[in-house]
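*Asks:* Below are the structure tokens for one structure; questions will follow.
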């Protein structure tokens, strides 16, 4: 429109000049009219240039502001229009808080307001940990950690961070407060979600209590594995690290002598039950958790066994009422290790993780891999028949309990339930 007006002004000048040359006897008023037309043409041209310069200056300034402060776009315009701008102009807008406004930003509190000089927690620290990979050992925890670190919207600390003692909680606050400062993240809303990796949480009641006390909103990511495959992998892993282990028949039952490998550690159902997601009130569930469903078969095969009866069910109910079991409100996402390496793993894991954690960025494709480490044992060898039989029983109990009870909780979901159940 500005350019069109400028052209019209110029044409007006040309017409006036042509009309003035056709008559030799122009009077003074004609010459004054010509002068006014020329003057108007110059003014119109100057105004056009001025408006064009101002227009481009505003465009350039807007681009610089939006490039420097991408979140400003979601604040100054409706979400629908912001989404259009994001798609058409490749402006990255983080929408971590829904309809959060600039004045809703809660600044990062100083460290002194979170822990005192003795390391005791004195403030709210629940916001510091958005998710935790707390699967069982040798259940894909390192893979999931590295996978989540491939996006700019998530960060998992490079080392395992377990909280077994109050001093561990204090160290966590110091470390993750520094991470929030390093990544320039406020308390709310954040553009980066922070997580940690700690396999073996379910084996220790202390960890459970710390999560219950300090991190009720943290989202759990839990990996499961077939007990037979888990035992073989964990045994070989410990041997690879030069840990002295007895023959597998001696590892049936509870772990002794500070050993980490034993068949009781493959009883995933009672370990997950520590989260308090199931009622644990009827005898059928308690028998699954105690492994009593195989008693009749053991008696028929004359396999030595510990006597389990109604007294044990009562004991287990009392244990549920003790401090060994929590009632954590945290959400749980389950995956099975084989889902990490299947053909559809890339789509299923990516879609589930993005939905569960609220991530916009696409994950890269998962490439299949196979470890070629030296194996100390092959669990399918005949000498391991006894331990393998017990592990199969544990796997059957865990699969039944997870499907029938655990996944019925509204706070528990699985990565692609179809492939998970397979």
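In the numbering used here, the protein residues as written are 35 to 456.
Glycine residues also receive a C-beta, built at the ideal position from the N, C-alpha and C atoms.
(1) My assumption, with CB atoms under 8 Å, is that residue 155 sits in contact with residue 256. Please give the rounded CB distance.
(2) How about residue 418 and residue 282: are their beta carbons less than 9 Å apart?
(3) Under the rule that 16 or more other beta-carbon atoms within 10 Å means buried, what is residue 408, buried or exposed?
(4) Could you give the distance in angstroms between the alpha-carbon of residue 416 and the alpha-carbon of residue 286?
(5) Run the proximity test for residue 234: is its beta-carbon closer than 8 Å to any non-hydrogen atom belonging to the ligand GDP?
(6) Should residue 284 be labelled buried (16 or more other beta-carbon atoms within 10 Å of its own) or exposed?
(7) Measuring CB to CB, does residue 308 end up less than 9 Å from residue 172?
(8) Quick one: grab the DSSP three-state call for residue 245.
(9) Which residue from 92, 441 and 141 puts its Cα closest to that of residue 310?
(10) Please classify residue 322 as buried or exposed, where buried requires at least 16 other C-beta atoms within 10 Å of its C-beta.
(11) For the candidate residues 279, 266 and 299, whose alpha-carbon lies nearest to that of residue 233?
(12) Rounding to the nearest angstrom, what Cα-Cα distance links residue 515 and residue 430 in this structure?
(13) Can the beta-carbon of residue 168 be found less than 9 Å from the beta-carbon of residue 236?
(14) May I ask you to report which of helix, strand or coil DSSP gives residue 410?
(15) Kindly indicate which three-state DSSP category residue 449 falls into: helix, strand or coil?
(16) Please report the straight-line C-alpha distance between residue 231 and residue 190, rounded to a whole angstrom.
(17) Taking just the CA atoms, how far does residue 295 sit from residue 265?
(18) Nearest-angstrom Cα distance between residue 436 and residue 401?
*Replies:* Checking against the coordinates, here is how it stands:
(1) About 25 Å separates the two Cβ atoms, so there is no contact after all.
(2) Yes, the Cβ-Cβ distance between residue 418 and residue 282 is below 9 Å.
(3) exposed
(4) So the alpha carbons of these two residues sit roughly 16 Å apart.
(5) The model on display carries no ligand, and the ligand GDP is accordingly not part of it.
(6) exposed
(7) In this structure, residue 172 does not lie closer than 9 Å to residue 308 by Cβ.
(8) helix
(9) 441
(10) buried
(11) Nearest Cα to residue 233 within the set 279, 266 and 299: 299.
(12) The structure shown does not extend to residue 515, since the chain spans only 35 to 456, so no value can be given for it.
(13) yes
(14) coil
(15) Residue 449 sits in coil when the DSSP states are folded into three classes, being neither helix nor strand.
(16) Distance between the alpha carbons of residue 231 and residue 190: 7 Å.
(17) 7 Å
(18) 28 Å
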